[in-house]
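Trainee: Pasting a structure below so you can have a look.
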Amino acid sequence: MQEPYVAPEWSLGLTHIPISYIKLAQRPTPIHAWNLPDIPAGYHVSIKRDDMTGSTLGGSKARKLEFLLAEAIRQNCDCVITGGGLQSNFCRAAAVACRQLGLECHVLLRCPGDKNPLQVQCDGNLLLSRLVGAHIVLVTPAPYEGKQTESGYIPGLKDKMESLASELRSIGRKPYLMPLGGSSPTGLWGYIEAFREMMDQGVCENFDDLIVTMGSGGTPSALAIANYLTGSKLRIHAVLIVDKTLDEAYELVDKELRHVGLAGGAKARDIINITNSYIGGGVLIKSISTTEQLITISGSTGIFLDPTYTNKAAKGMLNELVENPSRFKGKRILFMNTGAAFGLYNQRISKLTEQHELTSRMTFDAT
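Residue numbers for the sequence shown follow my numbering, so the first one is 62 and each next one is one higher.
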């Protein structure tokens with residue numbers, strides 16, 4: 062089940078090098094031209110299809126789980142705890158992979174405050190998590206880290222995960238905790254290894270800029286670290302799609318640099334370009350709804366983007382190409398499609414398709 066891991070030679074100076082991994086992802090994933098509508102003249106955009114890492118394991122999370130779950134099994138853990146949003150891709154992938162490997166999976170999912178937990182729709186990623194028997198706890202929305210206020214300490218999702226871990230330990234279980242999105246020194250290796258894969262595919266020679274989504278920060282951090290260590294001339298861009306300031310986003314990357322022993326040799330602002338254009342709302346962002354873009358891209362290119370992650374990143378990328386072209390090193394752009402399509406399979410998206418001309422081309426022939 063576990064295979065020895067041989068790290069790239071250029072990464073051997075890092076800390077937390079894994080000794081083994083479990084093959085979960087179908088790789089290498091392909092790279093091909095992506096004929097997006099409304100790309101400014103002169104630019105050529107291609108897409109790295111990490112949505113094709115597997116069927117129910119599709120998306121970037123499978124790469125991280127190869128190292129995280131190998132570590133859990135090496136530590137003789139019998140269950141896994143993680144958390145995220147109600148339609149978390151990572152929680153779904155973790156639940157599926159755990160079931161395949163014989164581990165019990167517990168997920169804490171943030172349930173929006175205006176939703177009755179008893180009326181939450183069983184669709185999308187949540188449906189798959191339930192189908193594989195994950196133990197799901199719906200919690201009120203809270204940041205990952207708790208915080209101290211004048212009125213007292215407000216626990217975060219991490220506190221609730223650790224509390225559940227204590228409960229499981231009290232009955233003789235041995236849990237393995239995975240942070241949001243698998244963003245940890247171990248999970249980082251999923252995309253350090255992915256960068257080696259892309260080097261073999263000629264990415265460093267054939268592209269100038271690499272665009273990736275930024276949520277919890279692990280994937281862009283790993284790509285930036287690998288790009289820096291190899292001396293590649295690619296410019297790495299991360300589109301921030303969560304409610305953080307740029308300073309907070311860069312601190313996430315600096316934290317990962319410290320974790321792998323690079324704090325003295327590199328700074329986040331030197332190795333990655335983070336944009337909050339999606340959060341901030343540029344001209345293009347404001348003129349086209351996110352759902353409108355999702356439908357336009359699928360209807361014109363046949364590529365399905367995740368509504369929570371990669372669709373927002375694509376919107377941020379398009380905005381930057383129009384409003385801030387000097388941000389890019391060149392004209393050859395590679396977009397990493399790190400999301401999966403399961404977030405599309407929910408009633409909200411279904412209702413929206415009934416209102417759009419492109420997705421309502423369905424008639425009934427009674428003859």
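In this text, a Cβ means the ideal position worked out from N, Cα and C, and glycines have one as well.
1) Do PRO98 and SER361 have their CB atoms nearer than 8 Å?
2) Could you please give the first and the last residue of the uninterrupted alpha helix (DSSP H) stretch that includes THR357?
3) Could you tell me which of CYS140, THR369 and GLY144 sits nearest to CYS159, measuring between CA atoms?
4) Among GLN209, LEU85, THR143 and CYS152, which one has its Cα closest to the Cα of GLN161?
5) In this structure, how does DSSP classify GLU430 when only helix, strand and coil are distinguished?
6) Leaving out the 5 sequence neighbours to the left and right, which residues in its chain are closer than 7 Å to SER149 when beta-carbon positions are compared?
7) For PHE396, which residues does DSSP report across the bridge?
8) Would a C-beta distance cut-off of 8 Å place THR247 and PHE128 closer than the cut-off?
9) Under DSSP, the beta strand (DSSP E) around HIS431 begins and ends at which residues?
10) First and last residue of the alpha helix (DSSP H) that includes THR291?
11) Can you round the beta-carbon distance between ASN72 and ILE297 to whole angstroms, since I take them to be within the 8 Å contact cut?
12) Can you give me the C-alpha to C-alpha distance between LEU318 and ASN267, rounded to a whole angstrom?
13) State buried or exposed for LYS347, treating a residue as buried only when at least 16 other CB atoms are found within 10 Å of its CB.
14) Return the residue from the list GLY144, ASN380, GLY207 and TYR104 that minimises the CA-CA distance to LEU301.
15) In the DSSP assignment, find the unbroken beta strand (DSSP E) run with TYR311 in it and report its ends.
16) Beta-carbon separation of PHE396 and ALA375 under 8 Å?
17) Can you pull the DSSP bridge partners for ILE142?
18) So, are the CB atoms of MET275 and ALA299 less than 8 Å apart?
19) Leaving out five residues before and five after LEU271 in sequence, what residues of the same chain have Cβ atoms less than 6 Å from its Cβ?
Mentor: If we stick to the structure as given:
1) yes
2) 351 to 362
3) CYS140
4) LEU85
5) As shown, the chain starts at 62 and ends at 428. That puts residue 430 outside it, with no answer to give.
6) Counting only Cβ-Cβ distances below 7 Å, and skipping sequence neighbours, we find LEU170 and ASN186.
7) ILE108 and ILE272
8) yes
9) Summary: the structure shown does not reach residue 431, with the chain confined to residues 62 through 428, and so no result is reported for it.
10) 279 to 291
11) First, the amino acid is wrong: residue 72 is Ser here, not Asn. Their Cβ separation, rounded to whole angstroms, is 16 Å, which puts SER72 and ILE297 out of contact at 8 Å.
12) 27 Å
13) With a pLDDT of only 42 at LYS347, under 50, the local geometry of the prediction cannot be trusted, and the value read off the model is given with reservation. Burial call: exposed.
14) ASN380
15) It is not in any beta strand (DSSP E) - TYR311 instead sits in the alpha helix (DSSP H) that spans 307 to 320.
16) Yes, the Cβ-Cβ distance between PHE396 and ALA375 is below 8 Å.
17) HIS167 and LEU238
18) yes
19) LEU295, ILE297 and LEU395
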